[in-house]
Amino acid sequence: MAQAVGTAHLETSTGLDNRKLLMWLFLGSECLFFGSLIAAYLLYRDRSVTGPYPQDLFDIPFTSVSAFVLLMSSVSMVLALAAIQRGNVRGMQIWLFTTAILGLLFISGQAFEFTEFNHEGLSLSTNLFGTTFFVLTGFHGAHVTIGVLILLSLFTVSLQGRIQQKDSLNVELAGLYWHFVDIVWIVIFTLVYLIQP
Amino acid sequence: MTLAEYRKRGGLEAARDEEHVGEAAHAEKHPGPLEYAQIGLILAVITGVEVAIYYLGLAHTLLVVGLMVLSATKFSMVVLWFMHLKFDNRIFSTMFILGFILALSVFTVALATVGGKLV
Chain C
4 MAQAVGTAHL ETSTGLDNRK LLMWLFLGSE CLFFGSLIAA YLLYRDRSVT GPYPQDLFDI
64 PFTSVSAFVL LMSSVSMVLA LAAIQRGNVR GMQIWLFTTA ILGLLFISGQ AFEFTEFNHE
124 GLSLSTNLFG TTFFVLTGFH GAHVTIGVLI LLSLFTVSLQ GRIQQKDSLN VELAGLYWHF
184 VDIVWIVIFT LVYLIQP
Chain D
503 MTLAEYRKRG GLEAARDEEH VGEAAHAEKH PGPLEYAQIG LILAVITGVE VAIYYLGLAH
563 TLLVVGLMVL SATKFSMVVL WFMHLKFDNR IFSTMFILGF ILALSVFTVA LATVGGKLV
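Line by line, the protein sequences are chains C and D. Its first residue numbered 4, the first sequence is counted upward by one per residue in the working numbering. Its first residue numbered 503, the second sequence is counted upward by one per residue in the working numbering.
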């Protein structure tokens, strides 16, 4: 099932919308940012002199649920975009709000996980595992938080009737950012949580 | 469009109308909600399989290869369908793939030179 969607053919040198081009350029640079943080984690995770170590702390069932929640938020995000591209403002509002709630659920899970790890004696300065783990997942959590703020802003603006079908690019740009945050977690979930030394 | 042509055609409003016609003319095919839901279901199943094989007690190398393949599949599906790289202009793909390849290179070189290990 496919639908026709208007894409910009603009008076720019590329014929593409510069905002979308800039977003993809930004996401390309973010790959390097998170790639470096993941590499640093893999380099140092098993070089800690003192514990606790990853295998002492990770709760795979709990993190799996978090990963599932974030993955499903990507589905709701793309459904919000599909709705506004078909002119269904109400549908977009429902799916945007659902995405924001799922994002908040993910952040709450991460806050709970960080607190549990802290109670087990792991902090940013405990060992190399703690430092690299908290920096990597903390930066990801910050990205999710920014994403939730963007989604809630879009939701509020749409309630004021300021997002119509012709403004679907705004939702698409927010969606691109949100999906990127999701794919980063897909990688982190596998490399950090499921594959342990 | 030159400035003279722009003024002759009626300025900003006319240019916008022209742009909207251009949008319709250059309409692309994006998947519909049903296809998105189907992809979401596949992604959920893959995540379930990932967690299941984690508990299967496979040999470490086999586990790593299996998880990497599943993770790459999920990554690709989100990028191609949800982020529309499969349907959008190739310039967007180029931007993202260049960044990704650069990140992968840094990742590989760092692990290889400093002695980090994945398996």
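Idealized CB from N, CA, C, for every residue including glycine. Being a predicted model, the structure only gives us computed values, none of them experimental.
Cut-off 7 Å between Cβ atoms - residues of its own chain near residue i, not counting five sequence neighbours on either side
i: His528 (chain D); result: A caution first: His528 (chain D) carries a pLDDT of 37, below 50, which makes its placement in the model too unreliable to give a value.
i: Val187 (chain C); result: Phe37, His143
i: Val147 (chain C); result: Gly106, Phe109, Ile110, Val184
i: Pro55 (chain C); result: Glu123, Gly124, Leu125
i: Ala86 (chain C); result: Gly94, Met95, Trp98
Residue i to residue j span [Cα, whole Å]
i: Ser16 (chain C); j: Leu24 (chain C); result: 12 Å
i: Arg22 (chain C); j: His122 (chain C); result: 44 Å
i: Gln58 (chain C); j: Phe132 (chain C); result: 11 Å
i: Leu73 (chain C); j: Thr615 (chain D); result: 34 Å
i: Gly38 (chain C); j: Val608 (chain D); result: 7 Å
i: Lys169 (chain C); j: Tyr196 (chain C); result: 42 Å
i: Phe109 (chain C); j: Arg592 (chain D); result: 32 Å
i: Leu194 (chain C); j: His143 (chain C); result: 14 Å
i: Val190 (chain C); j: Phe598 (chain D); result: 16 Å
i: Leu107 (chain C); j: Leu46 (chain C); result: 31 Å
i: Leu582 (chain D); j: Thr53 (chain C); result: 43 Å
i: Ser77 (chain C); j: Asp185 (chain C); result: 7 Å
i: Leu35 (chain C); j: Tyr556 (chain D); result: 28 Å
i: His586 (chain D); j: Tyr538 (chain D); result: 11 Å
i: Ile541 (chain D); j: Met579 (chain D); result: 8 Å
i: Leu155 (chain C); j: Gly559 (chain D); result: 42 Å
i: Gly3 (chain C); j: Leu125 (chain C); result: A question about residue 3 (chain C) goes unanswered here, because the residues of chain C that appear run from 4 up to 200.
i: Gly534 (chain D); j: Val611 (chain D); result: 41 Å
i: Leu536 (chain D); j: Gly90 (chain C); result: 17 Å
i: Leu545 (chain D); j: Ala70 (chain C); result: 11 Å
i: Ala43 (chain C); j: Ile153 (chain C); result: 29 Å
i: Ser32 (chain C); j: Ile603 (chain D); result: 11 Å
i: Leu600 (chain D); j: Phe589 (chain D); result: 18 Å
i: Phe577 (chain D); j: Gly164 (chain C); result: 34 Å
i: Ile149 (chain C); j: Ala561 (chain D); result: 39 Å
i: Leu28 (chain C); j: Leu82 (chain C); result: 24 Å
For residue i, three-class secondary structure by DSSP
i: Phe117 (chain C); result: helix
i: Tyr56 (chain C); result: coil
i: Ile166 (chain C); result: coil
i: Phe65 (chain C); result: helix
i: Phe183 (chain C); result: helix
i: Ile189 (chain C); result: helix
i: Ile599 (chain D); result: helix
i: Thr159 (chain C); result: helix
i: Glu123 (chain C); result: coil
i: Asn591 (chain D); result: coil
i: Glu14 (chain C); result: coil
i: Asn130 (chain C); result: coil
i: Ser111 (chain C); result: helix
i: Asn21 (chain C); result: helix
i: Tyr557 (chain D); result: coil
i: Gly90 (chain C); result: coil
i: Gln96 (chain C); result: helix
i: His586 (chain D); result: coil
i: Leu613 (chain D); result: helix
i: Ile198 (chain C); result: coil
i: Ser51 (chain C); result: coil
Spatial neighbours of residue i in its chain, beta-carbon cut-off 6 Å, leaving aside the 5 residues before and after
i: Ser51 (chain C); result: Asn130, Leu131, Phe132
i: Leu84 (chain C); result: Val174, Glu175, Gly178
i: Met80 (chain C); result: Thr102, Gly178, Trp181
i: Pro200 (chain C); result: Asp49
i: Phe584 (chain D); result: none
i: Phe100 (chain C); result: Phe158
Residues of its chain near residue i, where Cβ-Cβ distance is below 8 Å and the 5 sequence neighbours each way are ignored
i: Ala471 (chain D); result: Given that chain D is displayed from residue 503 to residue 621, the structure contains no residue 471 (chain D) and the question cannot be resolved.
i: Leu172 (chain C); result: Ala11, Asp20, Arg22, Lys23
i: Ser128 (chain C); result: Thr134
i: Val151 (chain C); result: Ala103, Gly106, Leu107, Ile110
i: Phe61 (chain C); result: Tyr196, Gln199
i: Ile41 (chain C); result: Leu139, Val190, Ile191, Leu194, Val195
i: Ile166 (chain C); result: Ile87, Val92, Met95, Leu157, Val160, Asn173, Val174
Cutoff 9 Å: residue i Cβ touching any chain A Cβ
i: Leu604 (chain D); result: The structure shown contains no chain A; its protein chains are C and D.
For the stretch 160-177 of chain C and the stretch 66-76 of chain C, state whether three or more C-beta atom pairs, one from each stretch, are separated by less than 8 Å.
No: fewer than three Cβ pairs fall under 8 Å.
Three Cβ pairs or more, each shorter than 8 Å: is that satisfied between the stretch 103-121 of chain C and the stretch 565-575 of chain D?
At 8 Å Cβ cutoff, the stretches do not touch.
Across the stretch 571-580 of chain D and the stretch 535-550 of chain D, are there enough close Cβ pairs to call them in contact, namely three or more that are closer than 8 Å?
Between the stretch 571-580 of chain D and the stretch 535-550 of chain D, the count of C-beta pairs closer than 8 Å reaches three or more; the two stretches touch.
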